[in-house]
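For reference, the structure is listed below as C-alpha cells.
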Amino acid sequence: MSRGAGSGAGDAMLSLVDIRRSYVTGPVATEILRGVRLEVNRGDLLSITGPSGCGKSTLMNIIGLLDRPSAGVLRIKGQETGAMDDRELSALRNRSIGFVFQSYHLLPRFSAWENVALPLVYRGMTGASVRRRALEMLDKVGMAERAGHRPGELSGGQSQRVAIARALAGGPDILLADEPTGALDTETGGGIMGLIAGLNATERLTAVIITHDREIARQCARRVRMRDGTLNEAPARGGGSGR
Ligand SMILES: Nc1ncnc2c1ncn2[C@@H]1O[C@H](COP(=O)(O)OP(=O)(O)OP(=O)(O)O)[C@@H](O)[C@H]1O
Ligand SMILES: [Mg+2]
C-alpha cells in the first residue's frame, strides 16, 4: 500500500512542527516534549512506542486537541490550530477525530450504547439511526450483549472495547488510540487491531496508535518511537530504502 510521496500536501491529516510541552510544578518546569515533528497523511497506520512516562499520552492529548502545546505548530487537515478558540477546537475534534483514552473515560451514568451514541448526537445525528449505529459499533467490538450495561458493570477490557466503539462510531477521519488493547487479552486485542486495520484498508481511516504491544506495532506500516521528548521513525517496511 502506498503511503504517499511524503509531501502529499493535499492529503496531509496531521502536521506537527517543533511541538513542545512543559509542565510546571512549583518552581520547576520540566520539558516533556522537546520538539516533536511528525507528518501523517490520509490512510497512514502509525504506531507510537516508548517507555512509560516518556510523554506519549501528553503528545496524544495535544494531537487530539485536548491540550495545547507550550510551543510549536499543529495542523489538522491543513488547518492551523494555534489560533483557534475552544469552540473551534471542539468543533474540529467532533468532526474529525475519534479518541480512545488510555483510561477509557466512559460516562458512568450512561449505558454502553448511550456512551457510544453521544458523539453521534454531538454531530447532529438524531432519531432511531443513533441507537442503530451505536449497537452496530458495539457488535463490531463484541459488546452487543452488554449494550445496556453501565461502565460500572463492565470489566476493564469491556470498557475499553466500548471506548473504541465510541471513537469509531462517527466515522472519524483520524483515530487516535492510547493503548487501545492495554486491557485486552491477546486474542481480543488482535480482533480490535483487525477492526482498525480493516477500516484503514477499506475506508482509508488514518490511525495513530500508542502501544506497548510489539504485535500491534508490527501491524502498523509506520512505526515511530518516542525518546527524550522527540520522535524517531523506523524505516518503512518492505522498501528498505529507509531515510
Ligand atoms: N498534568 C501534569 N503535570 C505535571 N506533570 C505531568 C502531567 N501530566 C503528565 N506529566 C508528566 O509527564 C511525563 C509524561 O507523561 P505521559 O502520561 O505523557 O507518559 P506516557 O508516555 O503516556 O506513559 P505511559 O506509557 O505510562 O502511559 C511523566 O513524567 C508525567 O509525570
Ligand atoms: Mg500514557
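Residue numbering for the sequence shown follows the working numbering, beginning at 334 and increasing consecutively.
Glycine is no exception: its CB is placed at the ideal position from the N, C-alpha and C atoms.
How close, in whole Å, do the beta carbons of residue i and residue j come, if the pair is a contact with beta carbons under 8 Å?
i: Thr544; j: Thr391; result: The pair is not a contact, with the Cβ atoms about 16 Å apart (cut-off 8 Å).
i: Glu512; j: Gln435; result: 5 Å
i: Leu378; j: Ala530; result: 7 Å
i: Pro441; j: Arg499; result: Wrong, their Cβ atoms sit about 14 Å apart, outside the cutoff.
i: Gly397; j: Leu509; result: 5 Å
i: Ser403; j: Arg353; result: 5 Å
To the nearest angstrom, report how far apart residue i and residue j are at their CA atoms.
i: Ala534; j: Asn565; result: 25 Å
i: Ser326; j: Ser462; result: Only positions 334 to 576 of the chain appear in this structure, which leaves residue 326 out of reach.
i: Ile525; j: Pro360; result: 43 Å
i: Arg336; j: Leu451; result: Any reading at Arg336 must be qualified, since the residue scores a pLDDT of 44, below 50, and its modelled position is unreliable; the value itself is stated next. Each residue's Cα considered, the two are about 33 Å apart.
i: Asp351; j: Arg370; result: 5 Å
i: Ala502; j: Ala416; result: 29 Å
i: Gln412; j: Asp400; result: 17 Å
i: Pro505; j: Val449; result: 13 Å
i: Gly460; j: Arg494; result: 24 Å
i: Gly481; j: Thr563; result: 42 Å
i: His420; j: Ile430; result: The sequence given here has Arg at residue 420, not His. Approximately 15 Å, taken between the alpha carbons.
i: Glu372; j: Leu453; result: 28 Å
i: Gly490; j: Asp546; result: 15 Å
i: Ala362; j: Pro384; result: 21 Å
i: Gly405; j: Thr414; result: 10 Å
i: His438; j: Ser348; result: 26 Å
i: Leu487; j: Val357; result: 36 Å
i: Asp418; j: Leu528; result: 34 Å
i: Ala569; j: Gly485; result: 42 Å
i: Ser355; j: Ser492; result: 31 Å
i: Asp561; j: Cys553; result: 23 Å
i: Ile507; j: Met346; result: 8 Å
i: Arg537; j: Ala424; result: 22 Å
Is the beta carbon of residue j closer than 7 Å to that of residue i?
i: Arg541; j: Ile497; result: As written in the sequence, residue 541 is Val, which differs from the Arg given in the question. No, these two residues do not count as a Cβ contact at 7 Å.
i: Ala567; j: Arg551; result: no
i: Arg464; j: Asn427; result: no
i: Lys389; j: Met559; result: yes
i: Ala467; j: Trp446; result: yes
i: Arg375; j: Thr539; result: yes
May I ask you to verify whether the segment 467-482 touches the segment 391-401, counting CB pairs closer than 8 Å and requiring at least 3? When Cβ pairs closer than 8 Å are counted between the two stretches, the segment 467-482 is seen not to touch the segment 391-401, the count staying below three.
Quick check: the segment 355-366 against the segment 513-523, are there 3 or more CB pairs under 8 Å? The segment 355-366 is not in contact with the segment 513-523.
List in chain order: all unbroken beta strand (DSSP E) runs of 3+ residues lying wholly within the segment 472-530. You should have 507-511.
Would you list, in sequence order, the uninterrupted alpha helix (DSSP H) runs of no fewer than 4 residues that lie entirely inside the segment 383-440? Here the runs fully enclosed are 389-396, 419-429.
Unbroken stretches of the alpha helix (DSSP H), 4 residues or longer, contained in the segment 344-370: Those alpha helix (DSSP H) runs which fall completely within the segment 344-370 and span 4+ residues do not exist here.
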